[in-house]
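When the letters of the sequence shown are read in order and numbered with this note's numbering, they come out as residues 711 to 1259.
The C-beta atom is built at its ideal place from N, Cα and C for all residues, glycine as well.
This structure is a prediction, so every number in the text was calculated from the model and none was measured.
Scroll down for the structure; my scribbles are underneath it.
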Amino acid sequence: MSKARSFSIYLLKDGLNATNALKDDHGMEVGADATGLPEGATLFVLDNAPREPWWTGYFGVRKPLRQVTKGALVFLPVGERCFALSFGHVFHYLKDAGYEYDFGLRVTLNSLDPNKLKSTDVLEPGAARRQRTQMPVDSNLTYFDFDRDSTILKSLTGKVKDEHKELFKHATGAANLRISTAVAADELIGLCETLLELYASDAYRTTFPDIQNIEPVRDPVVVDELNASLLTAFREKDENLYLAVPDIVDYRDNVCATFAGAGRGLVYDDVFMGRYYDYLERREVVLNDVDIDVLKRHALILTDEDGNARDRHSILKCMIYDTTLAGGSDVYHVNEGNWYKVETKYVDKLSAYLDPLCADLALPDYNHKGEGAYNKAVAAADASYVCLDITSIGPPGQTAVEPCDLYSVDGDLAVFHHVKVSTFSSQLSHLFNQGTNAIELLKLEPESDKKLRALIKGKVSAADFDGFTAPLDDQKFRVVFAIVTHKDKTALSANLPLFSRISLMRSMKALKVMSVDGQYGFVKDVSPKSAGKKKATKKGKKKARGDGS
């Protein structure tokens, strides 16, 4: 039996081959007097001179030691396409836009036995969390805790179906396909013909349904098209282009914002796209002169009220925008500077699930300096609400877990209102997780229930205490996410950024599993947008205190 050998295989884009797929400075030699190449194949080799490892000098090793870097790329025409077989660490000599970025994963999805998976690499875009999960035994996707609604599959490893075992038994797919196969060199064309058929197949949609609702866009050509669309929206001041802080921010600290990159900016008490346009106008920057590099260089800076900088984020990383490409129906979403493709049917699925859960809230309009001030004002004006903002029901020794911002009772239900200003911030995902985590604690931890009762007791009269706590006895709960916004509430879930919708659907499903009623709604933001103010200088602060001249 022939020995199995490892291959790393890339599929070049249409029109690319050995003559135009390599970077100009690749430095590889062509030919190397190979006699066993498949018909039509071209070999490039990397043959660097031997050199000392860095650690020999670091540790004073006297024995002469040399290491060499060798590698090869074999370009293999198959029909009207061309493959690149990479040996050693030389794949980076391929042009970034020269190969199909979904080839390896798609072939793997079509070739693997769904019950014989070994490893997954996933990404949760909302939190930018990456995770690798491995199983000691063959498993199906259920055991990898893969969430089809909110997780992107980046790589998959497993055993192939019986019909492919003669060619290869295991496969790992990402942009490239990694396999071990015992086929001879003159059989590689036949192998690649099979891989082309697997790449063209949609069979994986049945085997792994909904596994690619969201895909990262890594093809530089497509990214350039999407960035061009983003720039057009920016220059035309598209109302669907938003600016958001790409991080968790505690707005109770009176966080303000300014901009940098084109000179000193004013300090604003809120973050939205209009502020950046105002900054550019004040700095006399022409919108048509702004390109992607400028958006990367310009920054949103979080500050205190005096303009002292805290956190800095590039403008591109702060932009949120959805678009489509000419001739296509899929939606593309930019989040933290990265583009994602979302299937149209999945966007429709989000709306169908979430829109019926949007409720008209009885909460008053928002016209306050912050969430904390709003929560206190609501409870002070209406005795049916208890303000539990900045409290905790976390068990001893664990991190603080806020039960909610506002607590009330509706019939036989205990209602937990979680309030968040703005629909643009990535904090929404944090808000939704907070709501489900608090309920889970109340369901599972008696100590958390005791803490909640104690908090309520300290806020209401003795006569009202039983009325407020009666629903807790039967654990009849409702969770309401109240989102403060200037947007039209009739747009329902479309008011929320894509990944916030995904997080909300996941949270609503988690609440349903716990037999908890879940709702969300919008509170009208009627607070005025204040004008920016100049940054306070050290000299100006001294004058204000009377200790400087």
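In terms of CA proximity to Leu940, Tyr1042 leads the group Gln844, Asp1122, Tyr1042. Ala970 and Tyr978 have their C-alpha atoms some 13 Å from each other. The beta carbon of Pro1238 is closer than 6 Å to none in its chain, skipping five residues each way along the sequence. Residue state for Phe717 is assigned as strand, using DSSP reduced to three classes. In the DSSP assignment, Gly814 falls within the unbroken alpha helix (DSSP H) covering 813–821.
At a Cβ-Cβ threshold of 8 Å, Ala1089 and Glu1112 do not count as neighbours. In the pairwise beta carbon analysis, the region 986–999 is classified as not touching the region 1046–1056: fewer than three pairs are separated by under 8 Å. Following the DSSP letters along the chain, one finds Gly984 inside the alpha helix (DSSP H) bounded by residues 983–992.
Secondary structure of Leu833 (DSSP, three-state): strand.
For Gly808, the number of other beta carbons within 10 angstroms of its own is at least 16, and it is reported as buried.
Distance from the CA atom of Leu851 to the CA atom of Val817, rounded to whole angstroms, is 17 Å. When secondary structure is reduced to three states using DSSP, Asn730 falls in the coil class, being assigned neither helix nor strand.
Runs of the beta strand (DSSP E) lying entirely within the region 1016–1081, each at least 3 residues long, are 1019–1024, 1029–1033, 1041–1045, 1048–1052 in chain order. Pairing Gly868 with Lys826 gives a Cβ-Cβ distance under 8 Å.
Burial is judged here by how many other beta carbons sit within 10 angstroms of a residue's own beta carbon; Asp1115 has at least 16 and is buried. DSSP links Gln1144 through a beta bridge to no other residue. The Cβ-Cβ distance between Leu901 and Val893 falls below 8 Å. Lys828 carries a strand assignment under DSSP once its states are collapsed to helix, strand and coil. Beyond the five residues adjoining it in sequence on each side, Ser821 comes within less than 7 Å, by CB distance, of Val870, Lys871, His874, Ala881, Leu908 in the same chain, given in chain order. Put simply, the backbone Cα of Glu810 is about 40 Å away from that of Leu1221. If you draw a straight line from the Cα of Gly975 to the Cα of Lys1079, it is about 22 Å long.
Taken in chain order, the unbroken stretches of beta strand (DSSP E) that lie wholly in the region 738–802 and span 3 residues or more are 752–757, 780–788, 791–797. Counting along the chain, the unbroken beta strand (DSSP E) around Arg1188 starts and ends at 1187–1195. Residues Ile1103, Gly1104, Pro1105, Val1111, Ser1158 of the same chain have their beta carbon placed closer than 8 Å to that of Leu1151, with the five preceding and five following residues left out of the count.
Residue pairing of Leu1123 in beta bridges, as defined by DSSP: Asp1120. Ranked by how close their Cα comes to the Cα of Asn937, the residues Val1044, Lys1219, Asn998, Leu905 have Val1044 in first place. Listed as beta-bridge partners of Pro926 by DSSP are Tyr1050.
For Phe769, the number of other beta carbons within 10 angstroms of its own is below 16, and it is reported as exposed.
At least 8 Å separates the beta-carbon of Val1096 from that of Val1194. Here Pro1181 carries a helix assignment [DSSP, helix/strand/coil]. Using a Cβ distance threshold of 8 Å, Leu732 and Phe793 do not count as a contacting pair.
When DSSP states are grouped into helix, strand and coil, Phe878 belongs to the coil group.
Going by C-alpha positions, Trp1049 is about 15 Å away from Leu953.
Under the three-state reduction of DSSP, Ser939 is assigned to helix. Ser1158 sits in a helix when the DSSP states are folded into three classes.
Here the region 1187–1201 makes contact with the region 1213–1233; the two share three or more CB pairs at distances below 8 Å.
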